[in-house]
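Protein sequence lines, in the order shown, are assigned to chains A and B.
Okay, so the first sequence: first residue is 42 according to this note's numbering, each after it adds one.
Okay, so the second sequence: first residue is 3 according to this note's numbering, each after it adds one.
Just so it is clear, CB atoms sit at the ideal spot from N, CA and C, and this is done for glycine as well.
Taking it in order: structure first as structure tokens, then the write-up.
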Amino acid sequence: MPPWIAVLIVVVLVAMTAITGWALRRRESHPRRTKTTDLEWLAADVRGPNATLVQFSTQMCARCPHVRRMLGELAEVTDGVTLAEVDLTHQSELAKRLHILQTPTVFVVDATGAVRSRFAGVPRRDAITAELDRVIGEPTHA
Amino acid sequence: MPDAPAGIDPRGPRFGAAITSLLLLVVILLGLTGLSTATSTAAFGWFAYQPLSSHAFFPTAFVIAAAPVGARILDPAFLLLLVIALLFLWGVLSPRTAPWGVLYRKAVQPRLKPPTELEDPRPPRFAQGVGLLVSVVGLLLQLAGVPWGLPIAAVAAFVAAFLNAVFGFCLGCQMYLLLARWGLVGRRAAA
Numbered sequence: 042m043p044p045w046i047a048v049l050i051v052v053v054l055v056a057m058t059a060i061t062g063w064a065l066r067r068r069e070s071h072p073r074r075t076k077t078t079d080l081e082w083l084a085a086d087v088r089g090p091n092a093t094l095v096q097f098s099t100q101m102c103a104r105c106p107h108v109r110r111m112l113g114e115l116a117e118v119t120d121g122v123t124l125a126e127v128d129l130t131h132q133s134e135l136a137k138r139l140h141i142l143q144t145p146t147v148f149v150v151d152a153t154g155a156v157r158s159r160f161a162g163v164p165r166r167d168a169i170t171a172e173l174d175r176v177i178g179e180p181t182h183a
Numbered sequence: 003m004p005d006a007p008a009g010i011d012p013r014g015p016r017f018g019a020a021i022t023s024l025l026l027l028v029v030i031l032l033g034l035t036g037l038s039t040a041t042s043t044a045a046f047g048w049f050a051y052q053p054l055s056s057h058a059f060f061p062t063a064f065v066i067a068a069a070p071v072g073a074r075i076l077d078p079a080f081l082l083l084l085v086i087a088l089l090f091l092w093g094v095l096s097p098r099t100a101p102w103g104v105l106y107r108k109a110v111q112p113r114l115k116p117p118t119e120l121e122d123p124r125p126p127r128f129a130q131g132v133g134l135l136v137s138v139v140g141l142l143l144q145l146a147g148v149p150w151g152l153p154i155a156a157v158a159a160f161v162a163a164f165l166n167a168v169f170g171f172c173l174g175c176q177m178y179l180l181l182a183r184w185g186l187v188g189r190r191a192a193a
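Here it is as structure tokens:
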């Protein structure tokens, strides 16, 4: 193969990978809206009175600590919102049941215990705040 | 996690991934211009190249299929990917002493602000194992004389390394949950 074609292929490869990464990052802050009521897996005593942020992690999740810290801060400054963390490392059955394909995955659970939206990946802070506002029905965060 | 090992600066693995992705780009260039993808007109040899003649009349054959194993190994793309695979192996066996990590801690980290948070070293280590696996598949395909095998494996490894370096995505880490769901890892009792 002539070198210029090889260089062209490499340039296209880098560009496509960069576009893919950018698109993946954008999608992480776009939640999927759901209305699941299967909640046996979430103990009642960890639920917040207004809403619960549930973070799913594994031991092999590099970006989970960062998300956990951000969600923890959000839960602290938002009235009646708690953070619960579920480690899926040894709970593959639960991951299957909840259709979780990657970690971190974040669920926003409302006061009745229904999963209202889910983020796959690392969400932006304002995207979580917006979902909390929607789920709680009024802006209560600082 | 009570047994979690001491945290590492999360920028270290991304620095290593940046170097690895550059090296993999070189492997892809070498693979595309070298033995892995080279073709020849089977019946007439290399001198039969005639710009005006249609290729349809001269069935092309991949040079690698007929090349001796020694030539497949001495192909520059193979040698460089072998070096990268050995570096991946080093990262799996002893992440603390792996060259890019040492280079980061000695030359880069002192010039940066201290990290705002530390990261579990196990996910990047697992990802090194995934990189090793993909590289070894590329090397084996080349040894078996499969055309395009080595560059395509290098492309897969490059995509993962580049997404890690530039965007902080760790595909190997994300695969971990899928593997666990399929029951391939994580079935041992929690330590």
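Beta bridge counterpart(s) of residue i as assigned by DSSP
i        : result
Arg159/A : Arg73/A, Phe148/A
Ile154/B : Paired residues: none, contrary to the question.
Glu121/B : Ile10/B
Leu94/A  : Leu124/A, Val149/A
Ala63/B  : Ser42/B
CB-CB length for residue i against residue j, believed under 8 Å
i        : j        : result
Asn91/A  : Ile169/A : Rounded, the Cβ-Cβ distance is 14 Å, inconsistent with contact.
Arg138/A : Lys76/A  : With a Cβ gap of about 16 Å, Arg138/A and Lys76/A do not count as contacting.
Ala63/B  : Thr41/B  : 7 Å
Pro145/A : Gln96/A  : 6 Å
Leu65/A  : Phe171/B : 6 Å
Beta carbon of residue i nearer than 8 Å to that of residue j
i        : j        : result
Ala159/B : Ala19/B  : no
Val147/A : Val118/A : no
Gly89/A  : Gly121/A : yes
Ile66/B  : Gly147/B : yes
Ser137/B : Ala87/B  : yes
Met111/A : Arg68/A  : no
Gln176/B : Gln100/A : no
Leu34/B  : Pro149/B : no
Leu135/B : Leu83/B  : no
Val149/A : Leu80/A  : no
Phe17/B  : Gly62/A  : no
Ala156/B : Val29/B  : yes
Val161/B : Thr58/A  : yes
Ser133/A : Ala182/B : yes
Gln111/B : Asp11/B  : yes
Leu37/B  : Asp77/B  : yes
Ala103/A : Pro97/B  : no
Leu179/B : Ala47/A  : no
Leu124/A : Ala116/A : yes
Pro7/B   : Pro116/B : no
Phe80/B  : Gln144/B : yes
Gly9/B   : Gly103/B : no
Arg73/A  : Arg159/A : yes
Helix, strand or coil at residue i [DSSP, three-state]
i        : result
Leu141/A : For clarity, residue 141/A is Ile in the given sequence; the question names Leu instead. If DSSP states are grouped into helix, strand and coil, Ile141/A belongs with coil.
Leu124/A : strand
Glu114/A : helix
Thr35/B  : helix
Thr99/A  : coil
Thr130/A : coil
Val29/B  : helix
Val138/B : helix
Arg88/A  : coil
Pro167/A : Note that residue 167/A corresponds to Asp in the displayed sequence, not to Pro. Three-state result, Asp167/A: helix.
Asp174/A : helix
Phe171/B : coil
Val94/B  : helix
Val55/A  : helix
Pro70/B  : coil
Val132/B : helix
Trp48/B  : Because the pLDDT at Trp48/B is just 49, under 50, the model does not fix this residue reliably, and the value given afterwards should be weighed accordingly. Helix, per DSSP.
Leu145/B : helix
Pro101/B : helix
Arg68/A  : helix
Lys108/B : helix
Proximity test, residue i beta-carbon vs the ligand ATP heavy atom, cut-off 7 Å
i        : result
Met177/B : The model on display carries no ligand, and the ligand ATP is accordingly not part of it.
*Near-chain A residues of the stretch 68 to 80 of chain B (beta-carbon distance less than 8 Å), N- to C-terminal order*: Answer set for the stretch 68 to 80 of chain B: empty.
_Near-chain B residues of the stretch 106 to 117 of chain A (beta-carbon distance less than 9 Å), N- to C-terminal order_ = Those residues of the stretch 106 to 117 of chain A that come within reach of chain B (Cβ to Cβ, closer than 9 Å) are Pro106, His107, Arg110.
*Listed in chain order, which residues of the stretch 48 to 59 of chain A have Cβ atoms closer than 8 Å to some Cβ of chain B?*
So the list reads Val48, Ile50, Val51, Leu54, Val55, Thr58, Ala59, given in the order they occur along the chain.
_Along the stretch 81 to 97 of chain A, where does the CB come closer than 9 Å to a CB of chain B? Name the residues._
Listed by position, the residues of the stretch 81 to 97 of chain A near chain B (Cβ gap below 9 Å) are Phe97.
*If contact means a Cβ-Cβ distance below 8 Å, which residues of the stretch 130 to 142 of chain A contact chain B?*
If you check each beta-carbon in the stretch 130 to 142 of chain A against every beta-carbon of chain B, the ones closer than 8 Å belong to Thr130, His131, Ser133, Ala136, Lys137, Ile141, Leu142.
*What residues in the stretch 15 to 40 of chain B have a beta carbon less than 7 Å from any beta carbon of chain A?*
Cβ contacts with chain A: Leu27, Ile30, Leu31, Leu34, Thr35, Thr39.
*For the stretch 159 to 176 of chain B, which residues have a beta carbon sitting closer than 8 Å to at least one beta carbon of chain A?*
Answer set for the stretch 159 to 176 of chain B: Phe160, Val161, Phe164, Leu165, Val168, Phe169, Gly170, Phe171, Cys172, Cys175, Gln176.
*Contacting positions in the stretch 144 to 176 of chain A - beta carbon closer than 7 Å to chain B*: Residues Thr144.
*Report the residues of the stretch 141 to 152 of chain B with a CB closer than 9 Å to any CB of chain A, ordered along the chain.*
Legend: CB atoms of the stretch 141 to 152 of chain B lying less than 9 Å from CB atoms of chain A are not found in any residue.
*Listed in chain order, which residues of the stretch 91 to 115 of chain B have Cβ atoms closer than 7 Å to some Cβ of chain A?*
Cβ contacts with chain A: none found.
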